[in-house]
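The numbering used here puts the first residue of the sequence shown at 211, with every later residue one more than the last.
Below you'll find the structure, written out as structure tokens, and then a few comments.
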Amino acid sequence: MDIIFKLLQSELFQSPLEGREITHEEYEQLMALADEQTVSGLIAASLMRNEFKLGKYDAIDLYTRKETVAESNDLINEQIGGFSGFLTQKGIEFVIVKGQMMAALYPDVHSRMTGDVDLYFPGENFQRVKQFVESKLGKELEKYSDGKHVEFYNNGVTFELHDVLSRFASAKHQKYWNALVDEDIKNGVAYTNVGGYKVPTLSPTLNVLFIFVHLFYHMTASGVGLRQFCDLAVLLHVCHRNGDKEPMKYKDGLQIDASRLRTILEELGYFKAFKAIGAFLIEKLGLPAEEFPYELSAKDMKWVAVIDKNVQRRGNFGRANRSVKDNGLLHSLETGWMSIEQAWVFFRLAPTEVFGRFSKLFSWFFKRFTIRELKE
211 MDIIFKLLQS ELFQSPLEGR EITHEEYEQL MALADEQTVS GLIAASLMRN EFKLGKYDAI
271 DLYTRKETVA ESNDLINEQI GGFSGFLTQK GIEFVIVKGQ MMAALYPDVH SRMTGDVDLY
331 FPGENFQRVK QFVESKLGKE LEKYSDGKHV EFYNNGVTFE LHDVLSRFAS AKHQKYWNAL
391 VDEDIKNGVA YTNVGGYKVP TLSPTLNVLF IFVHLFYHMT ASGVGLRQFC DLAVLLHVCH
451 RNGDKEPMKY KDGLQIDASR LRTILEELGY FKAFKAIGAF LIEKLGLPAE EFPYELSAKD
511 MKWVAVIDKN VQRRGNFGRA NRSVKDNGLL HSLETGWMSI EQAWVFFRLA PTEVFGRFSK
571 LFSWFFKRFT IRELKE
């Protein structure tokens, strides 16, 4: 696992790494791990830039992998540009978060593995765009199981349309969060250059907050891979540098408001969790300590080993350690058990939210597994 962290550090922060010869067995193990953590594009870019020596067929495989990731980025960027342009033309207010918004901040914008396109629509904008998509598809879009988004597919790209950006166990936290996001957009969106298209996103402070909230939610549910940690590291790095040549342009510069961010994290009960994640970013991914907005204690640093072990075990969204692959009763039972395990590991970092999720999980179990379903 050490080699993957060294390669990621080099790629994320463009630091030199002495290349060496990698055997076929080492290469297969490395790329299998990179796939498991959804960072194969970053690893490929780092191996090539640092001139690691590979066998002929491994070199061909590496080049093919990198080109495939690049082509996927180009495809999804083109789809975002078209849909974003349409929404802007129709006067529909929205922001794009995660995914390609983050990819635009990487040193090599084609190296990040692609995923879904996440868009958030404040107020009545969600219903407007939902109704339009439904009219084009000729069918109704139903809310996904998380209750905060609908999705549709276009030319191989999945679009997720959100009317709630993140779910919290606490009703108080949920109300506070929803107001924060809508106020942020009302105060003036920021913009990201996604494949040559100007698309709106959240302010620096809210972007850091959202990327963290999304990461921590999944880490304490099914597990999370290194790609999500890389996203937060890159965002903190870009916000700290605050230069004119960066792809994300903010009217007040790129720097986050550390004081406001701390206030929000403490209100949500997430400050301890944020510092634990920060310790992992510094220790394992090489984020310069001065680029993390808060000082870390020895207690914060103790979480590095816990997070590292969990990331290796679970992989991207817990898929690395699943025994039941197909959807169904057993898959749902396994998902529930994984959530309990993850919550137990990270409970102390955010007790209110993690404990609150326990009660909702048990309620979901009672609703999901009725007598009729168990008989079937």
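The C-beta atom is built at its ideal place from N, Cα and C for all residues, glycine as well.
Values in this document were obtained by computation on a predicted structure and should not be read as measured data.
Check	Outcome
Those residues which DSSP pairs with residue 634 across a bridge	Outside the shown range of the chain (211 to 586) lies residue 634, about which nothing can therefore be said.
Length of the line joining the Cα atoms of residue 415 and residue 234	44 Å
Separation of residue 494 from residue 214, as counted between CA atoms	10 Å
Secondary structure of residue 555, DSSP reduced to three states	helix
Nearest-angstrom Cα separation, counted from residue 359 out to residue 478	22 Å
8 Å Cβ cutoff met for residue 444 and residue 312	yes
Assigned exposure category for residue 437 - 16 Cβ within 10 Å defines buried	buried
Among 293, 285, 501, the one whose alpha carbon lies nearest that of residue 408	293
8 Å Cβ shell around residue 411 - same chain, five flanking residues per side excluded	305, 306, 307, 311, 399, 400, 401, 402, 417, 458
Own chain, CB closer than 7 Å to residue 261, minus 5 neighbours either side, in chain order	229
Residue 370, enclosing beta strand (DSSP E) - first and last residue	367-372
Where residue 270 sits in the DSSP three-state scheme	helix
Cβ pair residue 288, residue 366 closer than 8 Å	no
Inter-residue spacing [alpha-carbon to alpha-carbon] between residue 386 and residue 429	22 Å
Contact set for residue 598: own chain, Cβ-Cβ below 6 Å, skip 5 residues either direction	Because the chain here runs from 211 to 586, residue 598 falls outside it and cannot be looked at.
Residue 576, buried or exposed, once every other Cβ within 10 Å from all chains shown has been counted against 16	Only weak support is given to the placement of residue 576: the predicted model assigns it a pLDDT of 48, under 50, and the value that follows is read from those uncertain coordinates. Burial call: exposed.
First and last residue of the uninterrupted alpha helix (DSSP H) at residue 424	414-429
Residue span of the beta strand (DSSP E) that contains residue 359, given as start and end	359-364
Exposure of residue 241, with buried meaning 16 or more beta-carbon neighbours within 10 Å	buried
Rounded separation between residue 268 and residue 275 - CA only	10 Å
Residue 247, buried or exposed, once every other Cβ within 10 Å from all chains shown has been counted against 16	buried
Backbone secondary structure at residue 252 - three-state DSSP	helix
Where residue 316 falls: helix, strand or coil (DSSP)	coil
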